[in-house]
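Residues in the sequence shown are numbered from -8 upward in steps of one, following our numbering. Remarks on the structure that follows.
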Amino acid sequence: MKLETLAVHAGDRKKPGDYIPVTTPIYGASSYIYERLEDLDRVFADEKQGQSYARYGSPTTNALEEQVAALEGGEFALASASGMASLHLALLAALTDRRKSIVAANVLFGQSMTLMMNLLEPTGVAIQFADPCDLRAFEAAVAEAKPGCVLVETISNPLMRVPAIDKIAEIARRHGVLTVVDATFTTPVLTRPISLGADFVIHSSTKYLAGHGDVLGGLLITRNEFRQVVQSLSRTMGTTMGPFEAYLTMRGVKTLPLRIERQCQNACRVAAALQGHPRVEKVNFPGDPAHLDAETVRRLFPKGMFGGMVSFAIKGAGREEMFRFNDALKLVVRATSLGDVHTLISYPAITSHRELSPKHRQKLGIGDNLLRLSVGIEAAEDIIADLEQALDSA
Ligand SMILES: Cc1ncc(COP(=O)(O)O)c(C=O)c1O
-8 MKLETLAVHA
2 GDRKKPGDYI
12 PVTTPIYGAS
22 SYIYERLEDL
32 DRVFADEKQG
42 QSYARYGSPT
52 TNALEEQVAA
62 LEGGEFALAS
72 ASGMASLHLA
82 LLAALTDRRK
92 SIVAANVLFG
102 QSMTLMMNLL
112 EPTGVAIQFA
122 DPCDLRAFEA
132 AVAEAKPGCV
142 LVETISNPLM
152 RVPAIDKIAE
162 IARRHGVLTV
172 VDATFTTPVL
182 TRPISLGADF
192 VIHSSTKYLA
202 GHGDVLGGLL
212 ITRNEFRQVV
222 QSLSRTMGTT
232 MGPFEAYLTM
242 RGVKTLPLRI
252 ERQCQNACRV
262 AAALQGHPRV
272 EKVNFPGDPA
282 HLDAETVRRL
292 FPKGMFGGMV
302 SFAIKGAGRE
312 EMFRFNDALK
322 LVVRATSLGD
332 VHTLISYPAI
342 TSHRELSPKH
352 RQKLGIGDNL
362 LRLSVGIEAA
372 EDIIADLEQA
382 LDSA
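Structure follows, in C-alpha cells:
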C-alpha cells in the first residue's frame, strides 16, 4: 500500500492480547468497530454490551462509572462533562413522567438555582424553595406543591448547614416524590445518600472525587430503573464525560478516602484555630458541638469526620479589609473551587453569591465579612500559620 494509506491505517485496530492493563487506559477513539456489522447493530440497540460511539461512553468512562457506583452503593452511574450536566440530567430524569415541579433547598450552589430558574422554569417546571433544615416547613412545601422531585445538598454552601437527608427522603417517599441529592461536599466517604433513601445522587467530580484541581466533571448515581432514561438523555444532550477526564477522575478517586481523612483532620484543627482567634467573629463547621445540626451530623457522618469545608466571618470587616486579608494569604489559594489537595479560599459575596442582592445575602446569613475555606491536605500548622498572619496583617 501507498504511504498515504499506511499513514492512516498501519498499527491501528489491534485486538488486545492476553494481557490486562493494571489500570484502565485512556480510550480516545470516537467510534468502535466489530468483525460483524450485526454486532454493532446489537450494541446500538442495547441488546449487546459494548462500545459504539464516544457520545455514548467509552471503556474509560465506563470504568469510572463502575468505580463510583461501587463507592456510592448504587446500581448505575453515569459520568458527565460537569457537575452541572449531572444535575441537569438528574432533574430531567426525575421529572420524566412525573409532575413538572421541584421543591428545592432554599440555599443551593448558585448555578443550580440558575439552572432551575432560567432553564427549567421557562419550560413549565414549577420551582419552590424551602428550608431543608426545617423538616416541618419542608414537608409542608412538599405536601402543597406535590412536586415530581425534591433537590437538596448534603452540606449547604457557605453556611455549612447539614440537612437530615434520611428524613427528607422519608418525607419525599411518603408523598410519592423522588429525592435528588447533590453530595459534592461530603463524597461517599462521609455520606452515601442512596443508603439513606435518595433516588438520585450527583457530584461535581471537579471537586473532591477528582481532587487535584485539574479536571471538570460530574457523576450521577441511581438505580437500574432509571438507567434507560438517564442514558437516553445523556446521549441526546451530548453531556458525556471525555475519556481523558474519566482517566484523571478515576485516578483521583483511588486516593479519595485518604485525602478526605486528612482533610477532615485538618479542617478540625483549622476550625479550632479560627474559633480561638480574636479577629474571628464566627466559624461555621459541622464538627462544632454547638452546630445547629449537630444531632444530624452525629447520626449521618462517620465518627470524628465532619468534612473539609469551613466558613468564617471576620469581626467588623468591610470589603476593603476582606480584600486585604485575601491578598495577604501566601499559601492558601484564592480560587472559587473546592475539594482540591491544596487549601482554597473563596469570598462568597463576590463569587458564588455575587448574583444575590446584599439584602438577600444578609437574609440568608451570608455577610460581606464571610469567607469559605476548602481545607487541603497540607500540614495543618502551615495552613493555620498562613491564615493567622493574614488575619493579623488585615
Ligand atoms: C455543590 C455543587 N454542585 C454542583 C456544582 C457544579 O459543578 P461543576 O462546576 O463541575 O459543573 C458545584 C460547583 O461548584 C458545587 O459546588
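The beta carbon of each residue, even a glycine, is placed where N, CA and C say it ideally should be.
Would you mind reading off the limits of the beta strand (DSSP E) that contains residue i?
| i | result |
| --- | --- |
| residue 143 | 140 to 144 |
| residue 119 | 117 to 121 |
| residue 300 | 300 to 305 |
| residue 171 | 169 to 173 |
| residue 5 | Taken as a continuous stretch (DSSP letters only), residue 5 belongs to no beta strand (DSSP E), as it is neither H nor E. |
| residue 272 | 271 to 275 |
| residue 395 | No answer is possible for residue 395: the residues shown for the chain start at -8 and end at 385. |
| residue 363 | 361 to 365 |
| residue 49 | Careful: residue 49 lies outside any beta strand (DSSP E) and carries neither H nor E. |
Counting only the same chain and skipping the five closest in sequence on each side, list residues whose C-beta sits under 8 Å from that of residue i.
| i | result |
| --- | --- |
| residue 320 | 336, 377, 378, 381 |
| residue 307 | 272, 360 |
| residue 353 | none |
| residue 57 | 68 |
| residue 218 | 66, 67 |
Would you mind working out which of the options sits nearest residue i, comparing C-alpha positions?
| i | options | result |
| --- | --- | --- |
| residue 62 | 224, 104, 193 | 193 |
| residue 148 | 204, 27, 24, 277 | 277 |
| residue 118 | 287, 294, 60, 97 | 97 |
| residue 227 | 341, 255, 189, 83 | 83 |
| residue 146 | 286, 176, 248, 243 | 176 |
| residue 298 | 48, 107, 179 | 179 |
| residue 290 | 353, 158, 27 | 158 |
| residue 204 | 352, 243, 59 | 243 |
| residue 386 | 67, 338, 122 | With the chain covering only -8 through 385, there is no way to say anything about residue 386. |
| residue 187 | 292, 253, 88, 167 | 292 |
| residue 168 | 224, 233, 209, 88 | 88 |
| residue 313 | 333, 358, 347 | 358 |
| residue 216 | 234, 21, 191, 208 | 191 |
| residue 333 | 323, 268, 129 | 323 |
| residue 250 | 311, 296, 282 | 296 |
| residue 254 | 370, 16, 30 | 370 |
| residue 49 | 185, 17, 129 | 17 |
| residue 267 | 4, 375, 8, 31 | 375 |
| residue 4 | 13, -7, 22 | 22 |
| residue 137 | 125, 124, 120 | 120 |
| residue 252 | 294, 281, 231, 20 | 294 |
Which residues in the same chain as residue i place their Cβ atom closer than 6 Å to its Cβ, once the five residues preceding and following it in sequence are excluded?
| i | result |
| --- | --- |
| residue 211 | 69, 77, 80, 81, 193 |
| residue 153 | 146, 277, 284, 287, 288 |
| residue 316 | 381, 385 |
| residue 155 | 287 |
Beta-carbon within less than 7 Å of residue i's beta-carbon, same chain only, minus the 5 sequence neighbours each way: which residues are those?
| i | result |
| --- | --- |
| residue 206 | 197, 236, 239, 240 |
| residue 151 | 275, 276, 277, 300, 302 |
| residue 35 | 43 |
| residue 229 | 46 |
| residue 221 | 69, 80, 84, 211, 213 |
| residue 247 | 178, 180, 199, 200, 202 |
| residue 33 | 39 |
| residue 344 | 101, 352, 357 |
| residue 325 | 317, 336 |
Starting from residue i and walking both ways along the alpha helix (DSSP H), at which residues does that stretch end?
| i | result |
| --- | --- |
| residue 213 | Run containing residue 213: none in the alpha helix (DSSP H); it sits in the beta strand (DSSP E), 209 to 213. |
| residue 129 | 126 to 136 |
| residue 192 | Note, residue 192: premise wrong, no alpha helix (DSSP H); beta strand (DSSP E) at 191 to 195. |
| residue 67 | Counting along the chain, residue 67 falls outside any alpha helix (DSSP H), though it belongs to the beta strand (DSSP E) covering 67 to 71. |
| residue 288 | 285 to 291 |
| residue 225 | 218 to 228 |
| residue 375 | 371 to 384 |
| residue 206 | No alpha helix (DSSP H) contains residue 206, which DSSP labels as neither H nor E. |
| residue 94 | Residue 94 -> not in any alpha helix (DSSP H); beta strand (DSSP E) instead, spanning 92 to 96. |
| residue 199 | Neither: residue 199 is in no alpha helix (DSSP H) and is coded neither H nor E. |
| residue 33 | 28 to 35 |
| residue 105 | 101 to 105 |
| residue 77 | 74 to 86 |
| residue 245 | 234 to 245 |
| residue 316 | 310 to 319 |
| residue 179 | 178 to 181 |
| residue -5 | -6 to 0 |
Worksheet item: Is the stretch 137 to 157 in contact with the stretch 93 to 102, if contact means three or more CB pairs nearer than 8 Å?
Response: yes
Discussion item. Counting beta carbon pairs with one atom in the stretch 64 to 78 and one in the stretch 250 to 265, are three or more of them shorter than 8 Å?
Written reply: no
Practice prompt. Evaluate contact between the stretch 328 to 343 and the stretch 354 to 366, counting only Cβ atoms and requiring at least three cross-stretch pairs below 8 Å.
Written response: yes
Item to complete: Pair every Cβ in the stretch 159 to 171 with every Cβ in the stretch 125 to 136, then say whether three or more of these pairs are closer than 8 Å.
Response: yes
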